[in-house]
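Asker: Order-wise, the sequence lines are chains A and B. Under our numbering, think of the first position of the first sequence as 196, with each following residue one higher. Under our numbering, think of the first position of the second sequence as 196, with each following residue one higher. Even glycine gets a Cβ: it sits at the ideal position worked out from N, Cα and C.
There are 2 protein chains.
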Amino acid sequence: MDKLFQPSSVAVVGASRNPSKIGFSILKNIIDSGYSGNLYPVNPNAEEILGLKAYPSLKSIPGDVDTAVIVVPSKYVLDVAREAGEKGVKYLVVITAGFKEVGGEGIKREKELLRVVREYDMNMVGPNCLGVIDTHTPINMTFAQRMARKGHIAFISQSGALVTAVLDWAAQAKIGFSKIVSIGNKADLTELDFIEYFTRDPDTNAVLLYVESIDNGVEFVERASKVTKKKPVIILKGGVTEAGAKAAVSHTGALAGRVAAYEAGFRKAGVIMASSLSELFDYAVALASQPPPRRNGIAVLSNAGGLCILTADILVKKGLSLATFRSDTIEKLKKILPPTAAIYNPVDVVGDSDAVRYLNTLETLLSDDSVDAVLTLLAPTALIDPLDISKGIVELKKKYPNKAILAGFVGGPSYYDAVEYLMDNKIPFYNMPARLATAVLGLVMYKEYLDRPRYKYVSVEDVDRERVKQIINIVRKEGRTVLLESEAKSIAAAYGIPVPKFYLAKSPIDAISAAEYIGYPVVMKIVSPDILHKTDVGGIKAGISSSEEVEDAYEEIIMNVTKYVPRAKIYGILVEKMADKGVETIVGVTKDLQFGHLIMFGSGGIYTELFKDVAFSLIPMAREEVQDLMGRTKIFNILRGYRGMPVSDIKRLEDILLRINQLIIDFPEIVELDINPLRVYEAGRGAIALDIKMVLSKEV
Amino acid sequence: MDKLFQPSSVAVVGASRNPSKIGFSILKNIIDSGYSGNLYPVNPNAEEILGLKAYPSLKSIPGDVDTAVIVVPSKYVLDVAREAGEKGVKYLVVITAGFKEVGGEGIKREKELLRVVREYDMNMVGPNCLGVIDTHTPINMTFAQRMARKGHIAFISQSGALVTAVLDWAAQAKIGFSKIVSIGNKADLTELDFIEYFTRDPDTNAVLLYVESIDNGVEFVERASKVTKKKPVIILKGGVTEAGAKAAVSHTGALAGRVAAYEAGFRKAGVIMASSLSELFDYAVALASQPPPRRNGIAVLSNAGGLCILTADILVKKGLSLATFRSDTIEKLKKILPPTAAIYNPVDVVGDSDAVRYLNTLETLLSDDSVDAVLTLLAPTALIDPLDISKGIVELKKKYPNKAILAGFVGGPSYYDAVEYLMDNKIPFYNMPARLATAVLGLVMYKEYLDRPRYKYVSVEDVDRERVKQIINIVRKEGRTVLLESEAKSIAAAYGIPVPKFYLAKSPIDAISAAEYIGYPVVMKIVSPDILHKTDVGGIKAGISSSEEVEDAYEEIIMNVTKYVPRAKIYGILVEKMADKGVETIVGVTKDLQFGHLIMFGSGGIYTELFKDVAFSLIPMAREEVQDLMGRTKIFNILRGYRGMPVSDIKRLEDILLRINQLIIDFPEIVELDINPLRVYEAGRGAIALDIKMVLSKEV
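1. Does the contact criterion of 3 or more C-beta pairs under 8 angstroms hold for the stretch 454-474 of chain A versus the stretch 581-595 of chain A?
2. Is the stretch 669-677 of chain B in contact with the stretch 737-756 of chain B, if contact means three or more CB pairs nearer than 8 angstroms?
3. Shortest alpha-carbon distance to residue 278 of chain A belongs to which of A:308, A:249, A:292, A:299?
4. Examine chain A for any beta-carbon lying closer than 8 angstroms to the beta-carbon of residue 504 of chain B, and answer yes or no.
5. Are the C-beta atoms of residue 438 of chain B and some chain A residue less than 8 angstroms apart?
6. Just grab the DSSP bridge partners of residue 318 of chain B for me.
7. Along chain A, which residues have their Cβ under 7 angstroms away from the Cβ of residue 668 of chain B?
8. Which first and last residues belong to the alpha helix (DSSP H) in which residue 463 of chain B is found?
9. Using a beta-carbon distance cut-off of less than 9 angstroms, what residues from the stretch 802-820 of chain B approach chain A?
10. Can residue 507 of chain A and residue 436 of chain B be called in contact, C-beta distance under 8 angstroms?
11. Report the CB separation of residue 322 of chain A from residue 359 of chain A in whole angstroms; it is logged as a contact under 8 angstroms.
12. Give, in chain order, every residue of the stretch 336-352 of chain A whose Cβ lies closer than 7 angstroms to some Cβ of chain B.
13. To be precise: take each residue of the stretch 515-545 of chain B, compare its Cβ to all Cβ atoms of chain A, and keep it if any distance is under 7 angstroms. Which residues remain?
14. Can you look up residue 815 of chain A in the DSSP assignment and give me helix, strand or coil?
15. With DSSP as the reference, please indicate the residues paired to residue 344 of chain A in a beta bridge.
16. Below 7 angstroms between beta carbons is the criterion; list the residues of the stretch 457-490 of chain B that meet it against any residue of chain A, in chain order.
17. With DSSP as the reference, identify every bridge partner of residue 767 of chain A, one or two as the case may be.
18. Between residue 855 of chain B and residue 834 of chain B, which are expected to be in contact by the criterion C-beta below 8 angstroms, what is the C-beta distance as a whole number of angstroms?
19. Quick one: what does DSSP say residue 874 of chain B is sitting in, helix, strand or coil?
20. Reducing DSSP to helix, strand and coil, say where residue 523 of chain B ends up.
21. To which residues of the same chain is residue 500 of chain B closer than 6 angstroms at the C-beta, ignoring the five residues directly before and after it?
22. Take residue 390 of chain A and list the residues in its own chain whose beta-carbon comes closer than 8 angstroms to its own, dropping the five residues that flank it on each side.
23. Around the C-beta of residue 838 of chain A, are 16 or more other C-beta atoms found within 10 angstroms, so that it is buried, or is it exposed?
24. Opposite residue 785 of chain B in the DSSP bridges: which residues?
25. Residues of chain A with CB closer than 9 angstroms to the CB of residue 220 of chain B, please, in chain order.
26. Can you find a CB in chain A that lies within less than 8 angstroms of the CB of residue 363 of chain B?
27. Along chain A, in chain order, which residues have C-beta atoms closer than 8 angstroms to that of residue 286 of chain B?
28. Can you list, in chain order, the residues of the stretch 819-836 of chain B whose Cβ is nearer than 7 angstroms to any Cβ on chain A?
29. Based on the DSSP output, what are the partners of residue 414 of chain A in its beta bridges?
30. Bridge partners for residue 355 of chain A per DSSP, in chain order?
31. Buried or exposed, going by whether 16 or more other CB atoms sit within 10 Å of the CB of residue 754 of chain B?
32. Cβ atoms of residue 245 of chain A and residue 206 of chain A: under 8 angstroms apart, would you say?
33. Out of A:481, A:248, A:875, state which residue places its alpha-carbon closest to the alpha-carbon of residue 600 of chain A.
34. Select from the stretch 604-632 of chain B all residues with a C-beta closer than 7 angstroms to any C-beta belonging to chain A, and list them in chain order.
35. From residue 874 of chain A to residue 683 of chain A, what distance separates their C-alpha atoms?
36. Of all Cβ atoms in chain A, is any one closer than 8 angstroms to the Cβ of residue 566 of chain B?
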């Protein structure tokens, strides 16, 4: 995309002499940004605009045009695009709105436009976007009121208005950007294309995204995960609550997918999720300039005890921990600090400290092996010039390039010079302890992602695919999508997922001989395609321990069912071995429109919803992802043997989850699967799927 | 304290001509703040300081002195204080450090100082503090480098350095203060004295605190709860994690109490807790100027869809909900907004909106009964002058004084004028959606506190106090503090707390007749003052259902116990009715050093610690507080009948908690109580305390 961001020549089609028009703003912004290539305003009714010769059309421009910025009314866009194609333009930046986002005709118009773009082998940003900025070229092809400061953060935004707000905010925070692109309706070039390009871009150290929707989650995960170890990619997803998603739908016409799927997708892709706009940038500023530290390698330094306390509180609340200093560090600190100072982490050099004491302490901390990052907090005092401290920090950073330094100067006007000096010298600046802690957390999360080995996907082969095919064929033949419990359990068994011994009995006598064969006690359950919630209609009897009870139960169940669901088609009654007690877990699979199959694991029984102790992952999973999935639940503490409880058969559980994974990979037409409970026993004693629901996609 | 904040005359003892000395800064700050009363520098070695006649001593000052600011070295402070007493000074502001915070001699020196202050009927701020500011007087008796902006927020801080940081930060954020006091070691005047004074102060609309410790929590709750409905009181507690508390201890020498007790205390006192410095001020700015809205009365308005989405997301995440507009509001919006606008809440007037459209929409929302608060979000565009919007907002606020308006203009330099205009006209300004949402949450929490009726404390009278006295006497006589289970259960029974039928058997035969009388199945447990954890030594047998089993169990338990704890003194074996299954809950009582008795209620069994599903409250509790305590746990959903489960006997549970409450009120020497599990049955079937541990204070 070099020709988009560093074009030799740019045409602005729809350039205007009227300062209230966007066509004027864009041309002026390109000129003001110091763009040194050829710039051609296109406007059939003007001779000259802003001192530049204007052309009546793209065709009439003498030289080549790399990029055409289009701001003509929507009804003319198609013609202009075609002309651009003929002219050999490489990139279109379509600012004009009135496409997919307005629905109806707009959707059609956007499809047409995309067809033209493809036909001429061009690429397009937008339509319905703010434009594109490159601070290193430099060029500002947007109608924003402000150019970005030069820096090393790339920002991709699905909302143009958000770009204007961010540019304004960043001007105050002295945050610099390498490139900014407003992707608008992203009809052609999507966030993925820009992520890939920016992670290769030498001017970019961190890639930021604001998105409301991702159209193809599976592709996103596949492509993004290949580049997120090169450069940190941080995302803010708009529309994560119902209210937000509703607003998102009316905003860009994009369907906001379910949060769990997005989160699982981002996790798999190695994308860091921010939960707010400020968090997005607090992460970015640190990730674009500092090496990521270990979770327990953080030192806090301040000239104010209160700031030490507040910072330590927030770090710990975020799950980080303060580094334990080496003993020689402690000795050194004792020598250079007064007795009222706090020399253990956090280090309080106290209010009467001058810059020398502060910086000596900083160097002492940086030279400690156990310290990966130092947070330098400051409260304004008469004895310290913040600019002196800033200069010292920048010097020490040069001496210790592998250590992260983050400045947390709490205040305002006292630091205006310091902010600028620090940010220009790639030391992240924050004015509040909470923001500083957020930034460190971002670094640590990225460190842990970088340290994570690439997963190896190994398929499970000792499974009976033929048997599953047969069962699914039968279900399809009968025109059903919901499987009977007996069918679901047969499928599970075919994939080595343990289920209780069971038999589908067609009569009381049949049931008795099944029970005698299986062994008491047994459970009996109605089997009918018309009954999903068996308990509600008296379709289940448990704890049956004799042939008489089997006979009674059979009749009672049939009676109940015919009473509640008179026209239910009854296939028989499932006689099943009653299972021992164990730890109740739940496994569920659903299919997300954007991200495909999503697996859930967590606490079973009433605790599933009460404590929402569940975690999600996308299928396919490698073994490490299964372990990660289990490890993200609280029930895993119980399975590992909590407070003297016996250790559960985690190995078998892991194996079962891998088998479910394989089943879904082999039969993606299974769009819903629910094992509740999956009962887990002590180590060596396995686990068992007691109740299984399975639903197929509508036949294709 | 009028004489402290609006003194007619002030002496600065230790005033200096040397600009690098604190004694210079303070005098200069008082002069620069525009103080119009009499100002006396006291310094025996100077004739004149900063153009003012200097006096060799307090005595030598001709007129009265209301307040003396003391900055002499710590060894002279006592003499100066005595002289101030003789002179009739009312208030001392002791800036000087070197007292309690340095330990040893310092502690003694502080006690002496306090004695003198009391002897002369003076009051003192500090020692070891930054000083006092009143922007309305105006007077700045601090050595901070900056005077506060005039406003309506009072700020009390245990950390002086934090005040300097906050002053600097507030200068940028245009936040105004009425009064600021750095309480330092708070030897005499504490946060409580200032809370009481500020909630009566006509210049103050909200009271802010930063504290690391509260010395007398019980007194704090009693006195603070009397004033928190007059004005909102918001607190930031430093040292809420172990790391933070460690830093706090080394910082001011104050012992940071346990978080749960502080939280319970603040809740009871009606104090709003902030979790970070920025949250403290985000709450404050809103609470100092806007009427608090209902939780579901919030409207969001913006010219940027992205900001609508992000704001809606965060509001919902914080448990707030967007107002549903009246149908005539929707109709009006349809008329004044273009078709691409979003007219349901959040309202997006879209990017091409001018100030007129934006403000018309705002008025439409304000005129809707279902809307209590409007969040006005803005992204910078060429079509809107933020100052125009600001002026419009201020006008509309005058027209709708009972509605809250909070501005969320996302950006930086574009809004510099707007920030100042809005803040000066009492419209809270925020530059990020997350901060805006935080502010609204603060308002809503205060609304709910204001609406909460005053609790009535009613004592439970059908209890047998004499019986409990007898049992405690026996325990005391034997020199024990840990009660036997039989004793704890007898105490519970005396207070109407249901326990299983039990009998303390001294022999196997004794046990058999007890079991026959109680009825099978029974549980048998060792009773020994030397054994706390009965399970660990094989001291418990459950599910015993015949006389033979009773005999066997008796011998086995005795054998186990004598094997594991050979020298254990055995009082006998408790034979107890085995209880039916039910919902497992836990009740615990501990005594906090600062806040007194703290009660915990929550999920019992392994879930207590795994899910940390527990809530805390201070004793004494009114019935409403018991209900609130239960309602703050997740297990309460189960008790209320979750997903078709039977409703539990919540009434009886409430009654039991009130009886435990009464027991602790009557016998505060019980410093620990643990009922685990307290098993709760279906409505009408009560509950039962299965295992009770009780510990008394060391004898007095």
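Answerer: Taking the coordinates as given:
1. The stretch 454-474 of chain A vs the stretch 581-595 of chain A: no contact.
2. no
3. Counting from one through the first sequence, the residue named residue 278 of chain A turns up at place 83. That would be A:308, whose Cα lies nearest to the Cα of residue 278 of chain A.
4. If you number the second sequence from 1, residue 504 of chain B lands on position 309. So, interface residue.
5. Stepping through the second sequence from its first residue, residue 438 of chain B is reached at position 243. So yes, residue 438 of chain B belongs to the interface.
6. For the purposes of this step, residue 318 of chain B is taken as residue 123 along the second sequence, with counting starting at 1. Paired residue(s): B:286.
7. Along the second sequence, read from residue 1 onward, the residue named residue 668 of chain B stands at position 473. Neighbours of residue 668 of chain B on chain A: none; closest Cβ ~36 angstroms, over 7 angstroms.
8. On the second sequence, position 268 is the one that residue 463 of chain B refers to. Run containing residue 463 of chain B: 454-464, per the alpha helix (DSSP H) assignment.
9. 802, 804, 805, 806, 808
10. In the first sequence, residue 507 of chain A corresponds to position 312, counting from 1. In the second sequence, residue 436 of chain B corresponds to position 241, counting from 1. Contact: yes.
11. One-based indexing of the first sequence puts residue 322 of chain A at position 127. One-based indexing of the first sequence puts residue 359 of chain A at position 164. The pair is not a contact, with the Cβ atoms about 18 angstroms apart (cut-off 8 angstroms).
12. 340
13. 517, 535, 537, 541, 543
14. Within the first sequence, the letter at position 620 stands for residue 815 of chain A. Here DSSP, grouped into helix, strand and coil, assigns residue 815 of chain A to coil.
15. Counting from one through the first sequence, the residue named residue 344 of chain A turns up at place 149. Beta-bridge pairing links residue 344 of chain A to A:371.
16. Per Cβ criterion, the list reads 471, 472, 473.
17. Along the first sequence, read from residue 1 onward, the residue named residue 767 of chain A stands at position 572. Bridge partners of residue 767 of chain A: A:722.
18. Here residue 855 of chain B is taken as the residue at index 660 of the second sequence, counted from 1. Here residue 834 of chain B is taken as the residue at index 639 of the second sequence, counted from 1. For a cut-off of 8 angstroms, the C-beta gap from residue 855 of chain B to residue 834 of chain B is around 17 angstroms, too long to register as a contact.
19. The sequence position of residue 874 of chain B within the second sequence is 679, counting from 1. Three-state result, residue 874 of chain B: strand.
20. On the second sequence, position 328 is the one that residue 523 of chain B refers to. Three-state DSSP puts residue 523 of chain B in a helix.
21. Here the question's residue 500 of chain B lines up with position 305 in the second sequence. The residues are 543.
22. Sequence index remark: in the first sequence, residue 390 of chain A carries index 195 (1-based). Cβ within range, chain order: 351, 402, 404, 418, 419, 422, 428.
23. Position 643 of the first sequence, counted from the first residue, corresponds to residue 838 of chain A. Per the 10 Å Cβ criterion, exposed.
24. Within the second sequence, the letter at position 590 stands for residue 785 of chain B. B:793, B:867, per the DSSP bridge assignment.
25. Counting from one through the second sequence, the residue named residue 220 of chain B turns up at place 25. 577, listed in chain order.
26. Position 168 of the second sequence, counted from the start, is the residue given in the question as residue 363 of chain B. Taking Cβ atoms only, chain A reaches closer than 8 angstroms to residue 363 of chain B, which makes this a yes.
27. For the purposes of this step, residue 286 of chain B is taken as residue 91 along the second sequence, with counting starting at 1. Simply none; closest approach about 24 angstroms.
28. 829, 832, 833
29. Taking the first residue of the first sequence as 1, we reach residue 414 of chain A at position 219. According to DSSP, residue 414 of chain A bridges with nothing at all.
30. Here residue 355 of chain A refers to the residue found at position 160 when the first sequence is read from its first residue. Residue 355 of chain A is not bridged to any residue.
31. Here residue 754 of chain B refers to the residue found at position 559 of the second sequence. The residue is exposed, with fewer than 16 neighbouring Cβ atoms inside 10 Å.
32. Locating residue 206 of chain A in the first sequence gives position 11, where the first residue counts as 1. Locating residue 245 of chain A in the first sequence gives position 50, where the first residue counts as 1. Taking 8 angstroms as the Cβ cut-off, residue 206 of chain A and residue 245 of chain A do not qualify as a contacting pair.
33. To locate residue 600 of chain A, count along the first sequence from 1; it is residue 405. Here the closest residue by C-alpha is A:481.
34. 605, 606, 607, 608, 609, 626, 627, 628, 629
35. Residue numbering aside, residue 874 of chain A sits at position 679 when the first sequence is read from its first letter. Residue numbering aside, residue 683 of chain A sits at position 488 when the first sequence is read from its first letter. About 17 angstroms.
36. Start at 1 with the first residue of the second sequence, and residue 566 of chain B comes out as number 371. For residue 566 of chain B, the answer is no, since every Cβ of chain A falls outside 8 angstroms of its Cβ.
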